[in-house]
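Take the sequence shown: its position 143, counting from 1, is numbered 1080 in our numbering, and each next residue is one higher.
Built from N, CA and C at the ideal position, the CB exists for glycine as well.
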Amino acid sequence: MERQEKERIEEERQKEIKRQEEEKRLQEERQKELERQEEARKLEERRREIEKQEEELRQKEIKRQEEEKRLEEERQRELKRQEEAKRLEEERLREIERLQEELKQKEIERQEEEKRLEEEIQREVKRQEEARKLEERQKEIEKQEEEMKLERQREIQRQEEVRQGNWRKDKKKLRSKKKK
């Protein structure tokens, strides 16, 4: 009986040892889990900090590029302005040259126009004379055509009268045949 009691006590003691070991093991696991969670939290914070810094760097780069673009556009506008100023000056000089040339040409043209008008007057006088002659000729032709037309009408009328006369004679002949 005593041996059984000893075994039971030993068994109880072994169970207690195992329970304590299990409790210790669970406590260590909980501690590791807490440490792991703390490490994960720190890593997440570090990741967020890095992302924030990266975003700040991206924004700075965007601003830098925008400023670079703005400066380039400004430089291009200045170049265009200078080119336009140069073009306008060249245009002004060409215009002065053109006006001087135009003045010379106008004087030459005025003299030529004077000469041309004189020749035009002479041609017009000649043309009017030719027109008058043509008109006289046209009237003569129209007069002849009118006379020919009247002559044709008289001829047609004469032929009609002859035909009518023949027809009457034929009609009389037919009547006299019917009477017989």
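**OP:** Ignoring anything shorter than 3 residues or poking outside the segment 1015 to 1051, list the beta strand (DSSP E) runs there in chain order.
**Re:** none
Original post:
Alpha carbon to alpha carbon, what distance is there between residue 966 and residue 939?
Top reply: 40 Å
Subject >> Inter-residue Cα distance where the pair is residue 982 and residue 1014 >> reply: 47 Å
**OP:** Give the straight-line distance between the Cα atoms of residue 1059 and residue 1067, rounded to the nearest whole angstrom.
**Re:** 12 Å
Original post:
How many Å lie between residue 1001 and residue 994 at the Cα?
Top reply: 10 Å
Original post:
Alpha carbon to alpha carbon, how far is residue 1018 from residue 1040?
Top reply: 33 Å
Subject >> Beta-carbon proximity list for residue 985, same chain, < 6 Å, skipping 5 on both sides >> reply: none
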